[in-house]
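See below for the structure under consideration.
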């Protein structure tokens, strides 16, 4: 692979532009060939065909010189038709590594366009852990073909890798570990490594195992290089090793990687036998995907959208969230409906009520975000609920007095009614207190019930502070102003 | 440093519990010593003092055995008083590395509790790039002392590191690079490395430079280990190297690290001279901080909160967002105020109007999130605006027909007025179209103006769809129903 131009993002955009300009020239040549107006002589037509072939060949050469991740980037940035044309121009033996790099949505469009035998061929260049990432997206019959073609040892690895649920260390680990025994000298290790054409990517340490494959320690390449070659592995290795089990949560492993600045770590089974390896590169992919999934979920998108997806695909990706929000909005609307007589008598209530609901939602979301983050960092023990609640209620009381007082004064001035102003202030304060209660309570409760505290908190709190805000404000107004 | 127990998160919680139980015993012994009820003989008091000293010593030993990141974790999880007690028990020479690990909010509390000479001493064990991270949080006079104590070369490095703004490669890079010349043999390199006590952390490649310190290529430890020791560096090195400049955006470097699966990369100046090194570990820290800052900003928190911060600190952290939202809510309230006569005549409008506003906000936020992500991935060129707009308007039209139709039917059924139902459907559809326009337009416009498209989009779109939704619905109702 030619990596001549791997310099920076500008180059990446440059390479994308080259691909696009080749595609534009291709389109022109097609149009010229098909144009019924230009009654071109046969000779011109032949020239045109030759030109088209030449352009496609240029495109192929260009793609060959690009890093698989850059080809993936170009595929994602192109509309469907041109994407499939470029995909056709990619050499078949690179299909596998590129499929690994593209986003899920784009991967689907590429796989849909491939024949069964092409897909089987594409997987041949992949490692077992890479295969495991691809398997969920492949048609069933392709998976069977691929599986049959593997040697028994890799069949077992693939079966194991698929068996671990998403979000576990097992689903992220690879099987590219180099292992040595502790009773050899470093010189022997150096000779052993020299027999490799290349070491597995991201090898920063070698795993030291006993005769039963149990992990004894790790030998970092650094120790290997700085110690006397005549010394034993035993003398150069580190025995106190951060290790993971395949069942461990990937999120916790990611935190450990950050906390201890790891580049790779061994994965062992319950008997301390080495079964795989977790690398920082895999962890980074996980972190990125995790934080993207969270961002998308926060905005109510089920998954990342191919920006060239059809309108219908987008509607499907978004409808569930809109439905949930419409239901909560409808409930809030019914709460208002109960107080219609009061609003008829004092129409100012209609204008002021969204302010009460709004501040509750905003403040509640701040609390939820803070608590969810603290839970994720492991800094909130269940017995902390009372202390956190006390603090959040204090914040709510201050905000209620300040902002509630200000808005109450505005209401007084606008509608020339001091009692309306007082009801406004009281309602805002009460809704802020409700938001603080729910903001602490909802994530803590979800954690205690074993659910992910990060999910759905925002929808629930907004639903509560909307309906609650309308109820508190209109209820107080009905009691004291009617 | 004893790393006996670096295994996983359960152990981390275990270590935290040990620290906490020592603190609890310490408190008990203090209470026993100070209890005026127990008229204890002097002998008991002396025993108690000895016990207290013993407990503090146990705590000191326990902390000594912990990884700096774990001490930082414990400090973050403790209330202020106990945090400062533990901080006192940490050996002074470890203060620096622990200050680097704690969150900004907690770092502030620790630095506030330290004397000038303690702070200067704490920085002595740090590398220049680590110092640069700490400098913004240190009092001015400490910074001056620290700077004076550095050798001239490190003064220059520190000055350079501080000069790069946050979010650039320069602010993330370190100066721990190992360099060799291309005309030596690998055997010479191996001997050279053996002279190091330890290599800089996360060294996966050695930078190959010419006599003017210009980057010629990189020699990965892997090639060093798998090539014949008698061959030249020139033969084993890779010439096509992903390199960065200190001025490059950290976000783009992070994308390149992910795209090309890098563990470290050279940083060069405009003349291609090696000036530093960027590691994946630093990039991961950056990614995490970036995504956390985004999460916090989305919820309207200015910065991460120490969960033990005072109520006032929390109020200050959150007030700006609440103020902005109250202003937009107030504007929306005034829009409603304009239509008070209509609401008085048909109070159903008050109950239905939050639904119209709500669906616009939700749908607009989905669009903004999608567009902002696509812009961040570099997949949206300015000329794509029209195509994206067409798609989003299509999605809005479908959602308007479906959900607007459904809610219109509900309104018809609830209030027995088909014309009210039709106004509801029309208003929801129009507000969804407005949301689509703004959802595409706001981030694209911000990008074209050179602003960060990710910031503030959500507030702006919600403000627009709230006021817009009320205006459209109440306006249509006034036109057609009054």
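Protein chains in written order, with this note's numbering: chain A, 1 to 482; chain B, 1001 to 1482. We treat Cβ as the ideally placed atom computed from N, Cα and C, and that holds for glycine. As the structure is a computational prediction, the values presented were derived from the model and not from experiment.
Item to complete: Please work out which residues of its chain come closer than 7 Å, Cβ to Cβ, to residue 60/A, disregarding the five sequence neighbours upstream and downstream, and give them in chain order.
Response: 89
Worksheet item: Using the beta-carbon of each residue, which ones in chain A are nearer than 9 Å to residue 1486/B?
Response: Shown here, chain B extends from 1001 to 1482; a query on residue 1486/B therefore has no answer.
Discussion item. Give me the residue from 428/A, 473/A, 410/A and 262/A with the minimum Cα distance to residue 404/A.
Written reply: 428/A
Worksheet item: If the cut is a Cβ gap below 8 Å, which residues of chain A does residue 1067/B touch?
Response: 259 and 260
Fill in: Assumed close pair residue 1102/B, residue 1324/B - CB separation to whole angstroms, cut-off 8 Å
About 30 Å; that fails the 8 Å criterion.
Worksheet item: Is it right to say residue 391/A is buried, meaning 16 or more other beta carbons lie within 10 angstroms of its own, or is it exposed?
Response: buried
Discussion item. For residue 77/A, which residues in the same chain have their Cβ closer than 8 Å to its Cβ, ignoring the five residues on either side in sequence?
Written reply: 16
Worksheet item: Can you tell me where the beta strand (DSSP E) with residue 1243/B in it begins and where it stops?
Response: Where residue 1243/B is concerned, there is no enclosing beta strand (DSSP E), given that its DSSP letter is neither H nor E.
Worksheet entry | For residue 421/A, the nearest candidate out of 152/A, 114/A and 476/A (CA to CA) | 476/A
Worksheet item: Shorter than 9 Å from the beta carbon of residue 73/A to some beta carbon of chain B?
Response: yes
Fill in: Beta-carbon proximity check, residue 1225/B vs residue 1272/B, cutoff 9 Å
no
Discussion item. Any beta carbon of chain A sitting closer than 9 Å to that of residue 1090/B?
Written reply: no
Fill in: Nearest-angstrom beta carbon gap, residue 1218/B and residue 1189/B [assumed within contact, 8 Å]
Actually they are not in contact, since the Cβ atoms of residue 1189/B and residue 1218/B sit about 12 Å apart, beyond 8 Å.
Discussion item. Please list, in chain order, the chain B residues whose beta carbon lies closer than 7 Å to that of residue 351/A.
Written reply: 1333, 1336, 1337 and 1340
Worksheet item: How about the stretch 324-342 of chain A and the stretch 1347-1361 of chain B: do they share at least three Cβ pairs that are nearer than 8 Å?
Response: yes
Worksheet item: Nearest chain B C-beta to residue 13/A closer than 9 Å, yes or no?
Response: yes
Fill in: C-alpha distance - residue 1336/B paired with residue 1449/B, whole-angstrom precision
33 Å
Worksheet entry | Stretch-stretch touch, CB-based, cutoff 8 Å, three pairs: the stretch 141-156 of chain A with the stretch 92-99 of chain A | no
Item to complete: Give the secondary structure of residue 196/A by DSSP, where H, G and I count as helix, E and B as strand, and everything else as coil.
Response: coil
Discussion item. Could you check whether residue 1275/B and residue 1262/B sit closer than 9 Å to each other, using their CB atoms as the reference points?
Written reply: no
Fill in: Contact check, residue 1260/B vs residue 250/A, beta carbons under 9 Å
no
Worksheet entry | Interface flag, residue 1222/B vs chain A, CB-CB below 9 Å | yes
Worksheet item: What are the boundary residues of the beta strand (DSSP E) that includes residue 1216/B?
Response: 1215-1220
Fill in: Selection of the stretch 288-303 of chain A by Cβ proximity to chain B, strictly under 9 Å
288, 290, 291, 292, 294, 295, 296, 298, 299, 300 and 301
Worksheet item: Can you list, in chain order, the residues of its chain whose CB lies under 8 Å from that of residue 1004/B, leaving out five sequence neighbours each side?
Response: Residue placement at residue 1004/B cannot be trusted, given a pLDDT of 39 that sits under 50; what the coordinates show is reported in the next sentence. So the qualifying residues of the chain are 1065.
Worksheet item: Beta-carbon separation of residue 441/A and residue 389/A under 9 Å?
Response: yes
Practice prompt. Quick one: using the 10 Å Cβ neighbour count with 16 as the cut-off for buried, is residue 1321/B buried or exposed?
Written response: buried
Discussion item. Taking 7 Å as the limit between beta carbons, can you name the residues of its chain near residue 1062/B, skipping five residues before and five after?
Written reply: 1018, 1019 and 1022
Worksheet item: Which chain B residues are close to residue 330/A, counting only those with a beta carbon under 8 Å from its beta carbon?
Response: 1355, 1407 and 1410
Practice prompt. Please classify residue 29/A: is it buried, with 16 or more other beta-carbons within 10 angstroms of its beta-carbon, or exposed?
Written response: buried
Item to complete: In angstroms with no decimal places, state the Cα-to-Cα distance between residue 1128/B and residue 1378/B.
Response: 34 Å
Worksheet item: Are the CB atoms of residue 1092/B and residue 1118/B nearer to each other than 9 Å?
Response: yes
Worksheet item: Hey, would you say residue 151/A sits closer than 9 Å to residue 177/A, going by beta carbons?
Response: no
Worksheet item: What residues are listed by DSSP as bridge partners for residue 265/A?
Response: 278/A
Fill in: Status (buried if at least 16 other CB within 10 Å, exposed otherwise) for residue 6/A
Bear in mind that the predicted position of residue 6/A carries a pLDDT of just 44, short of 50, making it unreliable; the figure below should be weighed with that in mind. The residue is buried, with at least 16 neighbouring Cβ atoms inside 10 Å.
Item to complete: State yes or no: is the beta carbon of residue 2/A nearer than 9 Å to at least one beta carbon in chain B?
Response: Since pLDDT at residue 2/A reaches only 35, below the 50 mark, its modelled position is unreliable, and no value is offered.
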